[in-house]
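Undergrad: Note that the protein sequences, when read in sequence, are chains A and B.
Position 182 of the first sequence, counting from 1, maps to 182 under the numbering used here, and the rest follow consecutively.
For any residue, its number in the numbering used here is found by taking its place in the second sequence, counting from 1, and adding 184.
Beta carbons are placed, not taken as given, at the ideal position from N, Cα and C, and that holds for glycine.
There are 2 protein chains.
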Amino acid sequence: MAIKKTSREEILQEAIKLFKIRGYYNTSMANIAEACGLIKGSIYHHFKSKDEIGIESLKYIHEYFDKHVYSIAYDDTLSSKKRIKLFVQKVDEYFLSSKGGCLLGNLALELSSENEEFKKAIRTYFLAWEDALAYILKEKYKEDEAKKLAREYVSLTQGAIMLMNLYDSSEDYLRVGKKIIDLI
Amino acid sequence: MAIKKTSREEILQEAIKLFKIRGYYNTSMANIAEACGLIKGSIYHHFKSKDEIGIESLKYIHEYFDKHVYSIAYDDTLSSKKRIKLFVQKVDEYFLSSKGGCLLGNLALELSSENEEFKKAIRTYFLAWEDALAYILKEKYKEDEAKKLAREYVSLTQGAIMLMNLYDSSEDYLRVGKKIIDLI
DNA sequence: GTCTATATCAAGATAGAC
DNA sequence: GTCTATCTTGATATAGAC
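(1) Taking Cβ positions only, does tyrosine 167(A) come closer than 9 angstroms to chain B?
(2) Mind pulling the chain A residues with CB within less than 8 angstroms of isoleucine 306(B)?
(3) Please report whether the beta-carbon of aspartate 366(B) lies at a distance below 9 angstroms from any beta-carbon of chain A.
(4) Would lysine 5(A) count as contacting chain B if we go by Cβ distances under 9 angstroms?
(5) State the Cα-Cα distance for the pair methionine 1(A) and histidine 45(A), rounded to the nearest angstrom.
(6) Name, please, each residue of chain B whose Cβ falls closer than 8 angstroms to the Cβ of threonine 157(A).
(7) Could you tell me the distance, in whole angstroms, from the CA atom of lysine 67(A) to the CA atom of tyrosine 74(A)?
(8) Note down, in chain order, each residue of its chain lying with its Cβ closer than 6 angstroms to the Cβ of isoleucine 364(B), except the 5 sequence neighbours on either side.
(9) Serine 112(A) CB to nearest chain B CB: under 9 angstroms?
(10) Going by the CB atoms, is the gap between leucine 196(B) and alanine 219(B) shorter than 9 angstroms?
(11) Going by CA-CA distance only, name the one from Arg175(A), Leu109(A), Glu114(A) and Leu104(A) that's closest to leucine 127(A).
(12) DSSP three-state label for threonine 157(A), please.
(13) Are any of the Cβ atoms in chain B nearer than 9 angstroms to that of methionine 1(A)?
(14) CB-CB under 7 angstroms to leucine 156(A), same chain, minus the five flanking residues each way: which ones, in chain order?
(15) Rounded to the nearest angstrom, what separates arginine 307(B) and leucine 166(A) at their Cα positions?
This is how it looks when you write it as C-alpha cells:
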C-alpha cells in the first residue's frame, strides 16, 4: 500500500472547513493535519506557517468565486435578468452546501481588526463581489446607485448567512436572493 | 496608596473590548488581566474560567440593550415614529462609539457552531432585538410581515457593521438606520 | 483582593530518520 | 512526503503567601 500523497489543495479544503466551523484561532495545525490523515509536523512540508494556510484559504475561495460566480456578472452574452438569477443561484449553492457560513465574513470579524494582511485580502474579496453585482445593476440603475445597492446586498447577504447559521434555518437567507433578483 | 479593588464589571468591560478587537480565542486571560492592571492569576478570584467571562460578557451586553435600547420599542407613551428614531439612534450610538463592531455578531461567527451554550445566549439576544423592532413595526404592518422585516433589518445591520469595520467607513452603515426609520 | 510561583497542557514550529 | 522526536512558547488554571 503506497503512502498517500496529500496535495496543498486537499489541505486547504480541509482547513477551510475547519476554520468555518471552529474559527481560525481555535483550529490547530493538529486539527488540520488530522482531517487530512497526517500528523501536524507533516503540514509544514506544504505550508510554512498557519498564517500561510489562512491567507491561501482566502485566495482559494476568492479564485473559486472569480471563476464560478463573479464571471457570470460580466458575461455580456446573457441578459441582465438571466445573469442576476444565475449569480444568486451560484452564491446560494455555495453557502447552502456546507456548514459554517462564509469564511471571509467569519474572518472579517474574527481577525481583521488585528491582522492587516488578512484584512486586505478580505476587503479585496468583498469589493470584487460588490463590483460584480454593481456591474449587473448598472444596466438599470445609475452608477453610484448601483454601487450603493450592491454594497447593501452584500451586507444583507452576510448578515443573513450569520443568522442562517445561528437559527439553523435558511428561510430568511433565501428571501435575500429573491430580493436581489427583483432588483433587475 | 491602597490597592485598587477591581470589580467584576470592570473586568467584563475590558474583556468585551478585547474580545471584539482580538476575537475570543485570541484573547488570553493575561491580556484581560493586563487591561485591568492585574496579573492573570488574579482574574480567577472573580471568574472561575474564561468561558464564564465569555458568557457573562454576552449577558452584560444583553442587559445593556434590554435596558437602554429594546425598552424604547415598548414605551407606548411615544409615537411609533419617535420610538423607531430613538431606537435607531441608540443602536448607532452603541456601534459607532467603540471599535470591533458587535460582540454578539462576532461570537456568532467565531464560536457558535461549536459551543451550544454560547450559541443559545447569542440567539436569545438576536431574537430580543428582532422582537423589539417587530413590536414597533406592528403598528403599520401585519404581524408576520413585521417579523420578517425585523429579521431582515437585524441581518442588514449586522452585515453593515461587518463592512463598516472592514472598510473603516460608517457611510453605508448609517444608511441602514435611515432605511429602518423610513419603514414607519 | 492581589500577588508569586507553579502545574499542566497544547500550541506553532523545526530537525532529521525513513 | 510522512514520520518520530523535540524545542519553545504561551495558554488555562490552581495553591498558598501577603
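TA: Straight from the coordinates:
(1) yes
(2) Ordered by position in chain A, the residues that pass the 8 angstroms Cβ test against isoleucine 306(B) are Leu166.
(3) no
(4) False, the Cβ-Cβ gap to chain B never drops below 9 angstroms.
(5) Residue placement at methionine 1(A) is flagged as unreliable, the pLDDT there being 43, under the threshold of 50; a coordinate-derived value is accordingly withheld.
(6) Gly343
(7) Computed Cα separation, rounded: 11 angstroms.
(8) Val272 and Tyr337
(9) The C-beta of serine 112(A) comes closer than 9 angstroms to at least one C-beta of chain B.
(10) no
(11) Leu104(A)
(12) Three-state result, threonine 157(A): helix.
(13) Reliability of the predicted coordinates at methionine 1(A) is poor, the pLDDT of 43 falling under 50, and no value is obtained from them.
(14) Val176
(15) 6 angstroms
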